[in-house]
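Enquirer: Taking UniProt numbering, the leading residue of the sequence shown gets 1, the next gets one more, and so forth. We treat Cβ as the ideally placed atom computed from N, Cα and C, and that holds for glycine. Note that the structure is predicted; figures quoted are calculated from it, not measured. Dropping the structure in here first, questions after.
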Amino acid sequence: MSTDFFLAETRSANHDDSVDDIIKKCIHSKSKQSFITFAGAGSGKTYSLKQALIYLKDKHSIDFSRKGKQVAIITYTNNAADEISNRIDKHPMFTISTIHSFCWTSIKGFNEDIRLWYLNAIPKEIARIEELERKGRSGKASDTRKKTLIRLNAKLEWLSEPQKFVYDPNGINSSKNALSHTDVLNIFSDFLTKKPVMKELLASKYPFIFIDESQDTDKTVINSFFNLQQSKQDQIVIGLFGDTMQRIFGAGDEELGLKSPPVPGWEVINKEMNHRSARRIVGLGNQIRSTVDNRKQYAREGAPEGYIRYYLLPQNVENKAEIETNIRREMANLTGDLDWNDIAGKNTAVLLLEHKMAARRLGFHLLWEKLEQVSNLKNSMSDGSNTELNFFANIILPLADASLNGKHAELMSILRKYNSPLLEPEIFEANKDDPLFSARTAEYEFKATITNNDVSFQSVLDILARYNLMKIPSKLQSFLTLNEAQSISMTTENSASSIDTNEFEAWADALKTRFFQIRDYKKYISDESKYRTHQGVKGNEFEHVMVIMDDNEAGGFMFSYEKYFGVKGLSTSSSKKQNTEEQKLKGLERTGRLFYVTSTRAKFSLVHVIYTSDVQALKNKLIDKKLARADEIIEPQTTETNIVRF
């Protein structure tokens with residue numbers, strides 16, 4: 001086969017300029033047509049969004065300022081919001097926020113409606129749990145249900161009177177009148193779908209709403225925006241920017257890219273350029289998605305050919321860290337760029353295809369393996385949004401560090417910031433002679449507990465609750481004694497949800513593991529470790545990328561590169577961990593999307609390090625599927641003791 005097959009065709013840098021013209025036509029005041037822009041890796045999606053915003057600013061800034069209108073730009077992450085804000089010089093005509101922040105801003109102040117929403121939702125949850133308790137057996141799960149019923153009934157009593165609700169999209173939301181992250185999305189979607197006044201308010205305030213990374217935006221929220229556009233299509237334009245091949249978060253709409261258009265009357269726009277990567281890397285991206293949607297990208301005229309290498313290794317080799325270091329050294333020699341040896345720098349990234357691989361390499365695998373068994377826990381743990389883990393990572397870990405290091409001012413600052421119950425006026429009133437007596441006593445006991453480097457999450461949680469040092473997230477209350485749960489039941493965030501049996505079992509096991517794993521988890525999810533997450537790098541680019549694939553080390557059933565490449569067939573096992581045929585196929589699709597996202601982060605050179613059960617079979621499959629040329633595949637020699645020599 002010709003080498004040219006593996007290289008993407010090229011086009012001039014302005015090949016996609018017509019896309020920006022089409023978008024301008026859609027947002028023109030006389031046209032008003034909602035649209036979805038499919039923009040693959042490196043396509044300049046943010047550039048097109050910026051051009052649309054500049055156009056709107058030139059056309060409407062004076063009029064919008066006079067009428068109090070704005071253009072809303074909704075992103076998936078705070079980093080993306082900051083990037084867009086900087087590109088448009090933070091102009092006041094634009095409000096740029098994450099989806100949680102936008103939803104909260106929209107429902108903030110609707111206190112009575114929110115109260116009524118909870119009064120409708122919570123009795124249904126109580127009835128569901130009571131039915132489970134009626135049918136269930138005594139034991140840990142029953143204890144959990146009883147504690148949850150205490151909490152929900154107390155919440156109903158609290159909701160019997162008018163309340164003012166609060167929410168912090170970037171916080172823990174531990175006060176009793178704070179909404180949970182999930183409920184903010186659910187309440188917004190419900191209000192936007194069912195309340196005409198909410199539709200009118202949004203359409204009047206935001207004549208233009210743009211949603212970035214729309215493939216990852218919560219499906220319920222996206223559907224509520226579709227509903228808004230259908231109801232107010234003469235008043236509002238909604239523009240979606242995304243690419244379903246880059247959908248890596250579980251809550252997104254997996255069908256969004258398969259509907260063309262997603263709802264009747266929408267304009268579908270395709271960006272065809274990849275301005276980021278070398279021709280060989282763009283070619284690989286095209287080949288990966290050729291079996292999915294066959295959307296093809298062009299490299300820029302003048303783009304280099306670039307490098308791709310596949311290192312195939314047996315799964316049972318012993319010296320993986322050394323192997324990977326040596327491979328980077330070989331890539332430095334091949335490309336002539338010593339940045340390959342600097343994985344802490346900004347030009348080179350090492351990506352792991354499954355978080356469990358990072359957990360094992362970085363030391364928080366016991367925590368990870370317990371929680372990943374439940375899909376919603378795994379999703380929130382993966383994207384850094386899990387309330388309970390963030391409670392430990394962002395509040396309790398800094399509190400522990402301050403306590404252990406004798407930084408009393410910092411410790412008091414944390415207690416004040418997160419509204420420790422021990423700093424409430426009634427506590428001070430009860431200890432007039434020594435207002436901080438209770439706080440000092442609690443901190444002393446807390447420090448005595450965490451001095452043990454192997455202390456468990458459960459022990460830390462117990463001491464926090466016993467001395468009322470910190471407010472406990474509602475789901476973690478299920479793991480306190482009934483007396484402790486009752487004493488703090490009204491100090492936590494508002495949530496209509498409860499912890500189900502699977503979640504309970506996962507958390508019960510996780511809380512037995514070592515607390516200080518949370519430090520390594522926090523570093524990893526914040527991209528402060530030597531390994532980067534595929535979520536963390538989505539949208540980013542690096543000169544050089546190493547992708548490490550190891551199904552055995554990953555140990556999951558959501559992804560399988562052995563099956564994706566065809567080395568292994570789909571399992572026909574009927575055990576609990578096996579899914580239906582449809583779910584298995586979705587697992588392969590998820591694997592393919594991750595393969596695409598990680599591969600297309602590279603600008604100039606890319607190496608895949610694949611640990612496999614059958615090196616020869618994998619080599620044949622890579623060639624047969626046209627994912628690799630024969631000269632791109634390297635099989636290092638392995639000794640009898642499973643040591644790889646370079």
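Determine the DSSP secondary structure at residue 607, reduced to helix, strand or coil.
Expert: Locating residue 607 in the sequence shown gives position 607, counting from the first residue. In this structure, residue 607 counts as strand in the three-state DSSP scheme.
Enquirer: Alpha helix (DSSP H) containing residue 93: first to last residue?
Expert: If you number the sequence shown from 1, residue 93 lands on position 93. Segment: none, residue 93 is in no alpha helix (DSSP H) and carries neither H nor E.
Enquirer: In terms of DSSP beta bridges, what is residue 314 paired with?
Expert: Taking the sequence shown and counting its residues from 1, the one referred to as residue 314 is at position 314. The partner list for residue 314 (beta bridge, DSSP) reads 612.
Enquirer: To the nearest angstrom, how far is the alpha carbon of residue 326 from that of residue 307?
Expert: Here residue 326 corresponds to residue number 326 of the sequence shown, with the count starting at 1. Here residue 307 corresponds to residue number 307 of the sequence shown, with the count starting at 1. Spanning the two alpha carbons is a distance of roughly 17 Å.
Enquirer: Between which residues of its own chain and residue 313 is the CB-CB distance below 6 Å, once the five residues before and five after are set aside?
Expert: Residue mapping note: residue 313 aligns to position 313 of the sequence shown, counting from 1. Closer than 6 Å at Cβ, skipping near neighbours: 611.
Enquirer: Compute the Euclidean distance between the alpha carbons of residue 305 and residue 278, then round it to the nearest angstrom.
Expert: For the purposes of this step, residue 305 is taken as residue 305 along the sequence shown, with counting starting at 1. For the purposes of this step, residue 278 is taken as residue 278 along the sequence shown, with counting starting at 1. Taking the straight line joining both Cα atoms gives about 5 Å.
Enquirer: Run through DSSP, which three-state label would residue 626 get?
Expert: As a first step, residue 626 is located in the sequence shown; it is residue number 626 there, counting from the start. Of the three classes helix, strand and coil, the one that applies to residue 626 here is coil, per DSSP.
Enquirer: In the DSSP assignment, the beta strand (DSSP E) including residue 544 goes from what residue to what residue?
Expert: For the purposes of this step, residue 544 is taken as the residue at position 544 of the sequence shown. Taken as a continuous stretch (DSSP letters only), the beta strand (DSSP E) holding residue 544 covers 542-550.
Enquirer: Report the rounded CA-to-CA distance for residue 103 versus residue 287, giving the unit in angstroms.
Expert: The residue you call residue 103 lines up with position 103 of the sequence shown. The residue you call residue 287 lines up with position 287 of the sequence shown. Cα to Cα, residue 103 sits roughly 38 Å from residue 287.
Enquirer: Once DSSP output is grouped into helix, strand and coil, what is the label at residue 273?
Expert: In the sequence shown, the residue the question calls residue 273 occupies position 273. It is a strand residue.
Enquirer: Would you please state the rounded distance, in angstroms, between the beta carbons of residue 98 and residue 76? I believe it to be under 8 Å.
Expert: Translated into the one-based positions of the sequence shown, residue 98 becomes position 98. Translated into the one-based positions of the sequence shown, residue 76 becomes position 76. Residue 98 to residue 76, Cβ: 7 Å. Contact.
Enquirer: So for residue 528, helix, strand or coil by DSSP?
Expert: Your numbering for residue 528 matches position 528 in the sequence shown. If DSSP states are grouped into helix, strand and coil, residue 528 belongs with coil.
Enquirer: Under 8 Å: do the stretch 141-156 and the stretch 74-93 share three or more Cβ pairs, one atom per stretch?
Expert: No, they do not touch.
Enquirer: Identify the residues that DSSP records as bridge partners of residue 11: which are they?
Expert: On the sequence shown, position 11 is the one that residue 11 refers to. 300, per the DSSP bridge assignment.
Enquirer: Is it buried or exposed, residue 14, if we count other Cβ atoms within 10 angstroms and call 16 or more buried?
Expert: Here residue 14 is taken as the residue at index 14 of the sequence shown, counted from 1. Counting Cβ neighbours within 10 Å, residue 14 comes out exposed, since fewer than 16 surround it.
Enquirer: Buried or exposed: where does residue 229 fall if 16 or more other Cβ atoms within 10 Å of its Cβ makes it buried?
Expert: In the sequence shown, residue 229 corresponds to position 229, counting from 1. Buried: at least 16 other Cβ atoms inside 10 Å.
Enquirer: Would residue 478 be called buried (16 or more neighbouring beta carbons within 10 Å of its own) or exposed?
Expert: For the purposes of this step, residue 478 is taken as residue 478 along the sequence shown, with counting starting at 1. Flag for residue 478 reads buried.
Enquirer: Output the boundary residues of the beta strand (DSSP E) element that contains residue 208.
Expert: Within the sequence shown, numbered from 1, the residue matching residue 208 stands at position 208. Unbroken beta strand (DSSP E) run through residue 208: 208-212.
Enquirer: CB-CB under 7 Å to residue 266, same chain, minus the five flanking residues each way: which ones, in chain order?
Expert: Start at 1 with the first residue of the sequence shown, and residue 266 comes out as number 266. Within the same chain, residue 266 has close Cβ partners 34, 35, 36.
Enquirer: To the nearest whole angstrom, what separates the beta carbons of residue 396 and residue 172, a pair I think is in contact under 8 Å?
Expert: By one-based count along the sequence shown, residue 396 stands at place 396. By one-based count along the sequence shown, residue 172 stands at place 172. Their Cβ separation, rounded to whole angstroms, is 10 Å, which puts residue 396 and residue 172 out of contact at 8 Å.
Enquirer: Work out the CA separation of residue 465 and residue 515 for me, nearest whole Å.
Expert: Along the sequence shown, one-based indexing puts residue 515 at 515. Along the sequence shown, one-based indexing puts residue 465 at 465. Distance between the alpha carbons of residue 515 and residue 465 is about 16 Å.
Enquirer: What does DSSP give as the partner residues of residue 456 in its beta bridges?
Expert: By 1-based counting over the sequence shown, the position of residue 456 is 456. Answer is 514.
Enquirer: Starting from the C-beta of residue 622, find all residues in its chain whose C-beta is less than 7 Å away, skip the five residues before and the five after it, and write them out in chain order.
Expert: Numbered from 1 along the sequence shown, position 622 holds the residue referred to as residue 622. Taken in chain order, the residues that qualify are 310, 565, 628, 633.
Enquirer: Where does residue 46 fall in DSSP's three states?
Expert: Position 46 of the sequence shown, counted from the first residue, corresponds to residue 46. Three-state DSSP puts residue 46 in a helix.
Enquirer: Are the beta-carbon atoms belonging to residue 418 and residue 445 less than 7 Å from one another?
Expert: Numbered from 1 along the sequence shown, position 418 holds the residue referred to as residue 418. Numbered from 1 along the sequence shown, position 445 holds the residue referred to as residue 445. Going by C-beta atoms, residue 418 is not nearer than 7 Å to residue 445.
Enquirer: Which of the three DSSP states is assigned to residue 361 in this structure?
Expert: The count along the sequence shown starts at 1 and reaches residue 361 at position 361. Residue state, collapsed to three classes: helix.
Enquirer: Less than 8 Å between the CB atoms is what I'm expecting for residue 298 and residue 9, so what's the real figure, rounded?
Expert: For the purposes of this step, residue 298 is taken as the residue at position 298 of the sequence shown. For the purposes of this step, residue 9 is taken as the residue at position 9 of the sequence shown. Sure, about 5 Å apart at Cβ, within 8 Å.
Enquirer: Give every residue of the same chain whose Cβ lies closer than 7 Å to the Cβ of residue 506, excluding the five residues on either side of it in the sequence, and list them in chain order.
Expert: As a position in the sequence shown, residue 506 is number 506, starting the count at 1. Here the set comprises 370, 371, 373, 374, 377.
Enquirer: If I'm right that residue 545 touches residue 590 with Cβ under 8 Å, what's the distance once you round it to whole angstroms?
Expert: Translated into positions along the sequence shown, residue 545 becomes position 545. Translated into positions along the sequence shown, residue 590 becomes position 590. Not a contact, Cβ separation roughly 20 Å.
Enquirer: Rounded to a whole number of angstroms, what is the C-alpha to C-alpha distance between residue 40 and residue 222?
Expert: For the purposes of this step, residue 40 is taken as the residue at position 40 of the sequence shown. For the purposes of this step, residue 222 is taken as the residue at position 222 of the sequence shown. Answer to the nearest angstrom: the Cα atoms are 20 Å apart.
Enquirer: List the DSSP bridge partners of residue 309.
Expert: Position 309 of the sequence shown, counting from 1, holds the residue named residue 309. Looking at the DSSP assignment, residue 309 forms a beta bridge with 607.
Enquirer: Go through its chain and collect everything with a Cβ distance to residue 521's Cβ below 6 Å, but skip five positions before and after it.
Expert: Here residue 521 refers to the residue found at position 521 when the sequence shown is read from its first residue. 364.
Enquirer: Taking the DSSP output, what are the residues bridged to residue 242?
Expert: Along the sequence shown, read from residue 1 onward, the residue named residue 242 stands at position 242. For residue 242, which the question treats as bridged, DSSP gives the partners 38.
Enquirer: Let's see if you can read the secondary structure: which residues bound the beta strand (DSSP E) around residue 350?
Expert: The residue given as residue 350 occupies position 350 in the sequence shown. Residues 348-352.
Enquirer: With contact counted as at least three CB pairs below 8 Å, one residue from each stretch, are the stretch 189-196 and the stretch 127-139 in contact?
Expert: These segments do not touch.
Enquirer: Between the stretch 232-246 and the stretch 202-211, do at least 3 Cβ pairs fall closer than 8 Å?
Expert: Verdict: yes, contact present.
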